[in-house]
Amino acid sequence: MKPYDKILIRTSLDEGGEVPRTGDLSDSPDVIPYGTTKVEDPVSFFLDNYDDNVNADLKATEVNYIYIRGKDLVRGVQKGDMYVYYALDAELDMPASWANNKLKTSSGKNFVSVLGQNKDDILVGAEPFVWTVPNPPTGVTYSLIGIVVPAGTVPDFSGVTDFEAFVADNVNVGWTKVTIKTPPPPPIPKLRWQTTFNYKQGDVARTMTFDIGWNGIPIGTYVSFKAEKEEGPVPPIFLDKTKVVETKAHFSIDSDVPAGYESNITFYFYCDNAPAAGSTVTLKAYYLTGESPQKPVTVASVTTAN
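For the record, in the sequence shown the residue sitting at position 40 is 139 according to the numbering used here, with numbers rising by one throughout.
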């Protein structure tokens, strides 16, 4: 993309437009995530607080408003189009993966137009971009990329392989890593029942599979199991509360169990409403034979029916 140096989108409050830009480039005060609050007069509001970073947290699964502003660096009339994109942080160096992630404005446009008439004019997009923010999996983070180009042209990210260097060398690009507030998870249903049985490993140490399976159990319920005696098996015989997402399925863990190990094992079923009559939950312990093809050998199997 041919450099465009007429309008500045800052990477920090004290930046004047010199390149390369240094320091933290990922907290632009001009690519502005503003949460779920829509500003009535964005031009006046974001002009008045140009000396402040007013970036706010975003809310997952809700409509959030994104604003953008810049500064005219040269004399004479400057007409620009401002675009905003969202991207996974892990994919920033691969613009092909996010170049189509253009946010639309509240009126459905791909960009906001700005007009600078004098050097040092502050240029604010007159309407927000809107983004229904996804609920990210653990460890997944997002960024917003703002860019201003001459009016009537479109951004071109071809050839960009180092996004941070790209931002450092182009004053018309701003980058903001966003913080997304996720909704609290729904409460875990109440404990409906628990079943305890005595488990004996026997005289041979083995790698055992402890498998909890069910048939006819409602989606959204939870299951878990735990051995009373934690010492010995590696890892301990334990499955934390785990959500049921299919009516017939199973979860399992493998554990190296020493010879002679003995303990009570309890499995639990969490459900607010009565499950279907005849639905079952089974906890089974088995190992695989050494010969090929391997076959499961069951050491213990306990079923509770509703």
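Glycine included, C-beta positions come from ideal geometry on N, C-alpha and C.
Small disclaimer: the values here were computed from a predicted structure and weren't measured.
Query, Result
"Does DSSP put E330 in a helix, a strand or coil?", "coil"
"Start and end of the alpha helix (DSSP H) containing E263?", "F262 to D268"
"What three-state label does DSSP hand E361 in the structure shown?", "strand"
"For A358 and V303, what's the separation of their Cα atoms in angstroms?", "5 Å"
"Near G83, which residues of its chain fall below 6 Å by C-beta distance, leaving aside the five closest residues on each side in sequence?", "One cannot answer for residue 83 here, as it falls past the ends of the chain, which runs 100 to 405."
"When the Cβ atoms of the region 279–299 are set against those of the region 250–270, are three or more pairs found closer than 8 Å?", "no"
"Please report how far the alpha carbon of K208 lies from the alpha carbon of I336, in whole angstroms.", "56 Å"
"I need the straight-line Cα distance from I352 to N163, nearest angstrom please.", "41 Å"
"Of all the options V248, D180 and F262, which has the alpha carbon lying nearest to the alpha carbon of S196?", "F262"
"Tell me which same chain residues have a C-beta within less than 6 Å of the C-beta of K158, skipping the five on either side of it?", "T135 and K280"
"The alpha helix (DSSP H) with L387 in it runs from where to where?", "First-last for L387: T379 to L387, but that is the beta strand (DSSP E), not the alpha helix (DSSP H)."
"Unbroken beta strand (DSSP E) runs of length 3 or more, entirely within the region 109–191: which are they?", "130–132, 162–171 and 177–187"
"Apart from the five residues just before and just after E327, which ones in its own chain have a Cβ nearer than 6 Å to its Cβ?", "S362 and N363"
"Count the other CB atoms within 10 Å of the CB of T278; is the residue buried (16 or more) or exposed (fewer)?", "exposed"
"Provide the residue(s) that pair with Y103 in DSSP beta bridges, ordered along the chain.", "Note: Y103 sits in no beta bridge, so no partner."
"Based on DSSP bridge pairs, tell me the residues matched to W313.", "A348 and V380"
"Can you tell me the Cα-Cα spacing of F296 and N234, whole angstroms?", "40 Å"
"Please classify P249: does DSSP put it in a helix, a strand, or coil?", "strand"
"Following the continuous beta strand (DSSP E) through V343, name the residue where it begins and the one where it ends.", "V343 -> no beta strand (DSSP E), and no H or E assigned at all."
"Taking DSSP as the reference, what is the three-state secondary structure of S391?", "coil"
"Run through DSSP, which three-state label would S257 get?", "coil"
"Determine the direct distance from the alpha carbon of T379 to that of N405, and round the result to whole angstroms.", "6 Å"
"What would DSSP say about A195, mapped onto helix, strand or coil?", "helix"
"Could you have a look at A304 and say whether DSSP puts it in helix, strand or coil?", "coil"
"Measuring alpha carbon to alpha carbon, tell me which of L124, N217, T294 and V211 ends up nearest G175.", "N217"
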